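Numbering (my numbering), first residue to last: 15 to 292.
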């Protein structure tokens, strides 16, 4: 008979509570009653995966996790339908060339070539991370320096799962034509950015940003001050084309009622060219 080994991360998981408290007395947290199953998240969302690694492989846990994240869909069992692509024989022949997976070595260079030749790339949510591959003049706003190294802000200090956050909008920019000067955006652990020095000289324009103070309009937010003065929506020039970075989920379910103009303005503005009215 074997028993499971004692977990080393037990202290990191939340314990059930009747009401939430915050050390700083935050009005959006203190006194609220948890509504998730089991009065909190805790171990309900904890999953344990075990992988046997041969000694000859000399693979570190960090390398294993990195490969697992990068190739996650490939590790699903046969027959799954969540990440699986259709079989070529199950779809019309004209769509079969579309099958495949996005990769940094094959896909990104083609995307970059498309943009540099005058195309427009619209990215939403996590897909905005392509800024790094395209060497755009922005950086992740949700990081901090720990022992001389830049690291993501941990979830115990910043966590916003599916809330409405108020963003300030520069509606003089074509991407924001017809928008109000402030709008609620759906933020679900979304990316946010800061401009690199002299970014405007490299064609970066801030279209929407998160202001100062309490920017939460609905839901709950932990550590929302990390978002203060960070970029929510931006446009960057690349060659003859444009890259649009939409950090928040501007197309999520009912949210387009407030933010759909960001999307359609981007589609229309992308191929447009400046003209002088006479």
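Each residue gets a CB set at the ideal place from its N, CA and C atoms; glycine is no exception.
Bear in mind the structure is a predicted one, so any value in this text is a computation, not a measurement.
Since residue 171 contacts residue 198 with CB under 8 Å, what's their CB separation in whole angstroms? No, residue 171 and residue 198 are not in contact; Cβ-Cβ is about 23 Å, not under 8 Å.
Residues that DSSP places opposite residue 202 in a beta bridge: 175
I'd like to know if the stretch 242-260 and the stretch 150-157 are in contact, where contact means that at least 3 CB-CB pairs between them fall below 8 Å. yes
Locate the beta strand (DSSP E) running through residue 165, then write down its first and last residues. That run of the beta strand (DSSP E) goes 163-166.
Residue(s) in a DSSP beta bridge with residue 249: 219 and 258
Are residue 118 and residue 147 touching if we call contact CB-CB under 8 Å? yes
Check this for me: beta carbons of residue 204 and residue 261, under 8 Å apart or not? yes
Backbone secondary structure at residue 104 - three-state DSSP: Three-state result, residue 104: helix.
Looking at the secondary structure, which residues open and close the beta strand (DSSP E) in which residue 135 lies? 134-138
Measure the alpha-carbon distance for residue 219 versus residue 102 and round it to whole angstroms. Rounded to whole angstroms, residue 219 to residue 102 spans 42 Å at the Cα level.
Would residue 221 and residue 135 qualify as a contact pair, given that the criterion is a beta-carbon distance under 8 Å? no
Please report the straight-line C-alpha distance between residue 56 and residue 161, rounded to a whole angstrom. Note that residue 56 scores a pLDDT of 44, beneath 50, so its modelled location is shaky and nothing firm can be said.
Using the Cβ count rule (16 or more neighbours within 10 Å means buried), how would you classify residue 249? With 16 or more other Cβ atoms inside 10 Å of its own Cβ, residue 249 counts as buried.
Indicate whether at least one CB of chain D lies closer than 8 Å to the CB of residue 79. You won't find chain D in this structure, because it holds only one protein chain.
Answer with buried or exposed for residue 177, where buried requires no fewer than 16 other C-beta atoms within 10 angstroms of its C-beta. buried
DSSP beta-bridge partners for residue 122? As far as DSSP is concerned, residue 122 takes part in no beta bridge.
Per-residue DSSP class, three states only, for residue 320: There is no way to answer for residue 320, as the model of the chain reaches only from 15 to 292.
Distance, Cα to Cα, residue 99 vs residue 111? One C-alpha to the other measures close to 12 Å.
Distance, Cα to Cα, residue 278 vs residue 137? 13 Å
From what residue to what residue does the alpha helix (DSSP H) around residue 32 run? Counting along the chain, residue 32 falls outside any alpha helix (DSSP H), and DSSP gives it neither H nor E.
Using the C-alpha atoms, what's the distance from residue 120 back to residue 81? 18 Å
Using DSSP's beta-bridge definition, name the partner residues of residue 158. 165
Where the beta strand (DSSP E) through residue 230 begins and ends: 230-232
Among all the DSSP beta bridges, which residues are the ones paired with residue 110? The partner list for residue 110 (beta bridge, DSSP) is empty, contrary to what the question assumes.
Looking at the secondary structure, which residues open and close the beta strand (DSSP E) in which residue 212 lies? Per DSSP, residue 212 belongs to no beta strand (DSSP E) and is neither H nor E.
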